Amino acid sequence: MMMQRPSYGQQTSPCRRAAPSITAVGASAARPVLALGAAARSRPRKPQPNACIVAQAASSGNKTPAAAAPARAVADSAAATTAVQVGGKLLLQNFAAGAENSQLRLSIQLVSATVAGSDGRGLKAEAAVLDAVVGSGEAELDVGLTWDEELGTPGAVIVKNLSDFPVYLKQLSVPSGFGGGAVHFACNGWVYPVDKHPYRLFFTNDACVKEETPSALLKYREEELSLLRGEGESADRPFQPWDRVYDYAVYNDLGNPDLRKDLARPVMGGSQEYPYPRRLKTGRPAAKTDPRTESRAPLDEELYVPCDERVGYDIIPAPALPPLGEHFGSLADVYRIFGLDDLGRLPDAKAIINSNALFPVAPAVISVNPNNWRKDEEFARQMLAGANPVCIKRVTSFPLKSELDRRVYGDQDSKITKEHVEKNLGGMTVQQAVEEGRLYVVDHHDLVMPYLKRINELPGEEEKAEISQRKVYAARTLLFLNQDDSTLKPLAIELSSPHPENEQLGAVSAVYTPPDAEDIKAGTFSAWEVAKAHATANDTFENNFVGHWLNTHASMEPFVIAANRQMSVLHPIHRLLKPHFRKTLHINAVARQIVVGSGDLRKDGSIFRSVYEVTYFPSKYSVEMSSKAYKKAWNFAEFALPNDLIKRGVARGDPKKPEELELLIKDYPYAVDGLEMWSAIKKWVSDYCAIYYADDGAVARDSELQGWWGEVRNVGHGDLSDEPWWPAMDSRSDLIEACTTIIWLGSAYHAAISFAQYDYRGFAPNGPSLTTGPVPDAGKEVTESEFLGSISPVTEALGYLAISSFPVSLAASGEEVYLGQRPDTEQWTSEQSAAMALAEFQGRLNQVAENIQRRNADPELKNRTGPVEAPYTHLMPTAQPGPVIRGIPNSVTI
1 MMMQRPSYGQ QTSPCRRAAP SITAVGASAA RPVLALGAAA RSRPRKPQPN
51 ACIVAQAASS GNKTPAAAAP ARAVADSAAA TTAVQVGGKL LLQNFAAGAE
101 NSQLRLSIQL VSATVAGSDG RGLKAEAAVL DAVVGSGEAE LDVGLTWDEE
151 LGTPGAVIVK NLSDFPVYLK QLSVPSGFGG GAVHFACNGW VYPVDKHPYR
201 LFFTNDACVK EETPSALLKY REEELSLLRG EGESADRPFQ PWDRVYDYAV
251 YNDLGNPDLR KDLARPVMGG SQEYPYPRRL KTGRPAAKTD PRTESRAPLD
301 EELYVPCDER VGYDIIPAPA LPPLGEHFGS LADVYRIFGL DDLGRLPDAK
351 AIINSNALFP VAPAVISVNP NNWRKDEEFA RQMLAGANPV CIKRVTSFPL
401 KSELDRRVYG DQDSKITKEH VEKNLGGMTV QQAVEEGRLY VVDHHDLVMP
451 YLKRINELPG EEEKAEISQR KVYAARTLLF LNQDDSTLKP LAIELSSPHP
501 ENEQLGAVSA VYTPPDAEDI KAGTFSAWEV AKAHATANDT FENNFVGHWL
551 NTHASMEPFV IAANRQMSVL HPIHRLLKPH FRKTLHINAV ARQIVVGSGD
601 LRKDGSIFRS VYEVTYFPSK YSVEMSSKAY KKAWNFAEFA LPNDLIKRGV
651 ARGDPKKPEE LELLIKDYPY AVDGLEMWSA IKKWVSDYCA IYYADDGAVA
701 RDSELQGWWG EVRNVGHGDL SDEPWWPAMD SRSDLIEACT TIIWLGSAYH
751 AAISFAQYDY RGFAPNGPSL TTGPVPDAGK EVTESEFLGS ISPVTEALGY
801 LAISSFPVSL AASGEEVYLG QRPDTEQWTS EQSAAMALAE FQGRLNQVAE
851 NIQRRNADPE LKNRTGPVEA PYTHLMPTAQ PGPVIRGIPN SVTI
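Numbering (full-length UniProt numbering), first residue to last: 1 to 894.
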């Protein structure tokens, strides 16, 4: 259901006022009073029977004599008035566990947007003190505030916490009393006790660029950004939980050389060898054994992020995996993890309850037809609608070529020949298939090959009890497009290894082709099926470390940091993008500690190895390999979906007209749904930007916007700052394209390549993250036990499930905020046209959802569900009921 659009009166934003407007209280009685939004009412609040509101003059923070003079001058030229009491609503959260009957005491002081004192800052009204007894959780309190009519209209509020515990303020709303009507402060920030936060300043929900800021608010705006940049702070001090400093650091926090030498990791970022996006600075001291490496935080310690980024998550504990051990002996062993019977069927309710299933939801790939994942058609379909639908490319020349340096790696070109594939082209030649756009490839060879020798030497001597033996190949998969129904047929899989004598002698490759007749036998697997598992392991790695971690989590972080350092919360583009930055810094910090780092010491003295180093085949080289992908292929302009599809050769046309693009694979669920979603996002961004930027010159003149973009390019992604594809950000079209791309990456793209991991890779035989045994010779068969013995062992499969099932728990918690929703309630803006544009966006998202449901129900579109009958829902924009996330969250939070 589309969220109801708030009804805004004809309020004039203080950001757009040319002169102070002083009106007697109550003069605008005809203006509708705004109630708190639906988002604010979404959870029950504990009643506050003991809350008492005491409005009084504060002992400090009142107007100084110097600041009071201008107010008297205004009063002399207007009707005599006195200070009045105005009522409001304060929505807050107390996260202290078990904090029943806590005594809350806040000083709240409104600041004028229209009348400045001698120092140029907006004058302050007398402080009101709120005394209330609150419990843990969310509360809505009545609050009485003091206001002087001579001060015009408030534009900010200063809050001091006189309690001994921090609270999170969501919103302060004052329905009436300022002539112009209601005023809303979308706070969304922590207020710590005064010894930690002397005060917090929150602006109203108006939006304006710096150059249009009322003069009374300009210094407040500048000082707030200075605080967020940490100006005047010691450069090397460790940041504390209450700090709000946003700054940059390289990825020098993944290794732990103080614990063990083999746990050291190269620094990612700041070098030609290992370029990388920047991360958030924590201020932790250097490691004792390596001054280039930042020391690790203890596993049970709260990680630093600016306090406003930390909402809703407690400390996320490092998962406890069972010791390394055996492989699964049968498919039945895997099915039992999900409470299924030995054939993968769902037993009756009693059996489920008594099954001791570790994971309550069966992955989609086995939820309906538990055996059809083995079919070649399903293997190929998942490249269009599975966990990693963004790697497939059209073949434009044959044989396939490598871009690896021959001086280092020798001949790495593909050994797939026309004789391998023409037998399955229905009478066509390879050249005809290339010319007609019917030959496609998923090629991981060049990413994996440079590290393959080192990977296959794992584990090292010190980590034999922590990391399993690897046996991995670099994979290429060649496919043929059936034009009649847009399904793909796999033609060949090439698995390559470095030459055993010298890497400079080139690759040693084996090519596997499908058997003449697909014959799936229970208890037996062909060499072709084992080859598919090895190719999928390559795809699983690139899906997570390039598509997921690098392209969304790591790449988004500099945009978040720069926005908070360079653009005020009053800035319209900050306000547009803020929902798409929600919790990203926090989840990234957690990931660096327990997911992508090297390892730490538990309290019991045992070594904790990060989940990804245990479960993915590159182990200690995973992030390092993603650095190579960043250097070679990361291109901000090509993350725009139309540009990406054209670059990969799966679409043609004008990228500026996505609705007119021609897809060469007509039934390509990710592309079809994605283009509709891209168009909806871009229309919303275009409508919004048109409100605040009349022409290209307005973009070029916006100093905060230019500061943000310059810092993103030159600092946050500084290792690629000289690349020619960066938008110049001197026109509305640049601004719209950049913001659309950022929103796309943080929402729809992330959902498409993250949430499907559980659905398809959660069942290890379909999507192993690790391979441990060689592929048999072509034409050979292996037993079911031998097949499972060559892919992810039990411990690693459970580790993968533990991470990829996080969306399940998030969906159950109800914490996620979805595309088109605002986490800061419906009073997110005072601009009626912006609210209307958002409502129209919500309507378009509903239409996209209906179109996806219609396509999924169309039996002619075989790639929508495939042999496993799993509908493609990973770009479904609206939240759906159920235990697994369905819908597109606003931001990169998992």
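Think of the CB as a built atom: it goes at the ideal place given N, C-alpha and C, for glycine as much as any other residue.
As the structure is a prediction and not an experimental result, all values here were calculated from the model.
{"Item": "Just the C-alpha distance for residue 776 and residue 370, rounded to the nearest angstrom, thanks.", "Value": "25 Å"}
{"Item": "Would you kindly check if the distance between the Cβ of residue 145 and the Cβ of residue 86 is under 9 Å?", "Value": "yes"}
{"Item": "Let me know the secondary structure DSSP gives residue 93 once reduced to three states.", "Value": "strand"}
{"Item": "Measuring straight from C-alpha to C-alpha, what distance separates residue 841 and residue 572?", "Value": "17 Å"}
{"Item": "Using CA atoms only, rank isn't needed, just tell me which of 499, 492 and 226 is closest to residue 530.", "Value": "492"}
{"Item": "Could you tell me whether the Cβ atoms of residue 908 and residue 552 are closer together than 9 Å?", "Value": "With the chain covering 1 to 894 only, the question about residue 908 has no answer from this structure."}
{"Item": "How many Å lie between residue 347 and residue 393 at the Cα?", "Value": "41 Å"}
{"Item": "Counting only the same chain and skipping the five closest in sequence on each side, list residues whose C-beta sits under 6 Å from that of residue 609.", "Value": "466 and 599"}
{"Item": "If you draw a straight line from the alpha carbon of residue 136 to that of residue 92, how long is it in whole angstroms?", "Value": "10 Å"}
{"Item": "Identify every residue that forms a DSSP beta bridge with residue 743.", "Value": "Paired residue(s): none; residue 743 is not in a bridge."}
{"Item": "How many Å lie between residue 380 and residue 489 at the Cα?", "Value": "6 Å"}
{"Item": "Would DSSP call residue 489 helix, strand or coil?", "Value": "strand"}
{"Item": "Got a sec? Which residues, its chain only, sit under 8 Å from residue 254 by beta carbon, not counting five neighbours each side?", "Value": "265, 268, 592, 596, 597, 598 and 623"}
{"Item": "DSSP state of residue 642, grouped into three classes?", "Value": "helix"}
{"Item": "Could you tell me if residue 343 is buried or exposed, where buried requires 16 or more neighbouring beta carbons within 10 angstroms of its beta carbon?", "Value": "exposed"}
{"Item": "Once DSSP output is grouped into helix, strand and coil, what is the label at residue 707?", "Value": "helix"}
{"Item": "Provide the residue(s) that pair with residue 268 in DSSP beta bridges, ordered along the chain.", "Value": "251"}
{"Item": "The alpha helix (DSSP H) with residue 168 in it runs from where to where?", "Value": "Premise fails: residue 168 lies in the beta strand (DSSP E), 167–174, not in any alpha helix (DSSP H)."}
{"Item": "Consult DSSP for residue 306 and reduce its assignment to one of helix, strand or coil.", "Value": "coil"}
{"Item": "Buried or exposed: which applies to residue 436, given that a residue is buried once 16 or more other Cβ atoms fall within 10 Å of its Cβ?", "Value": "exposed"}
{"Item": "Below 8 Å, how does it come out for the stretch 497–510 and the stretch 645–652: are there three or more Cβ pairs, yes or no?", "Value": "no"}
{"Item": "Contact between the stretch 198–209 and the stretch 178–187: three or more CB pairs below 8 Å?", "Value": "yes"}
{"Item": "Using the Cα positions of residue 886 and residue 316, report the straight-line distance between them to the nearest angstrom.", "Value": "23 Å"}
{"Item": "Would you list the one or two residues that DSSP bridges to residue 103?", "Value": "133"}
{"Item": "Taking the alpha carbon of residue 125 as the reference point, which residue from 133, 732 and 110 has its own alpha carbon closest?", "Value": "110"}
{"Item": "Under DSSP, the alpha helix (DSSP H) around residue 774 begins and ends at which residues?", "Value": "Premise fails: residue 774 is in no alpha helix (DSSP H) and is neither H nor E."}
{"Item": "Please determine, among 391, 485, 408 and 160, the residue with the shortest C-alpha to C-alpha distance to residue 197.", "Value": "160"}
{"Item": "Run through DSSP, which three-state label would residue 361 get?", "Value": "coil"}
{"Item": "Run through the DSSP bridge pairs and tell me what residue 279 is partnered with.", "Value": "249"}
{"Item": "Indicate whether the contact test is met: 3 or more Cβ pairs, each with one atom in the stretch 633–642 and one in the stretch 288–300, closer than 8 Å.", "Value": "no"}
{"Item": "Pull up the distance between the alpha-carbon of residue 673 and that of residue 804, whole angstroms please.", "Value": "23 Å"}
{"Item": "Check whether the stretch 380–389 touches the stretch 748–764, counting contact only when three or more Cβ pairs, one atom from each stretch, lie closer than 8 Å.", "Value": "yes"}
{"Item": "Excluding sequence positions up to five away, which residues of its chain have a Cβ less than 7 Å from the Cβ of residue 350?", "Value": "Reliability of the predicted coordinates at residue 350 is poor, the pLDDT of 42 falling under 50, and the value obtained from them is presented with this limitation in mind. No residues qualify anywhere along the chain."}
{"Item": "So what does residue 184 bridge to, in DSSP terms?", "Value": "173"}
{"Item": "Inspect the beta-carbon positions of residue 156 and residue 113 and report whether they are closer than 9 Å.", "Value": "yes"}
{"Item": "Among all the DSSP beta bridges, which residues are the ones paired with residue 599?", "Value": "609"}
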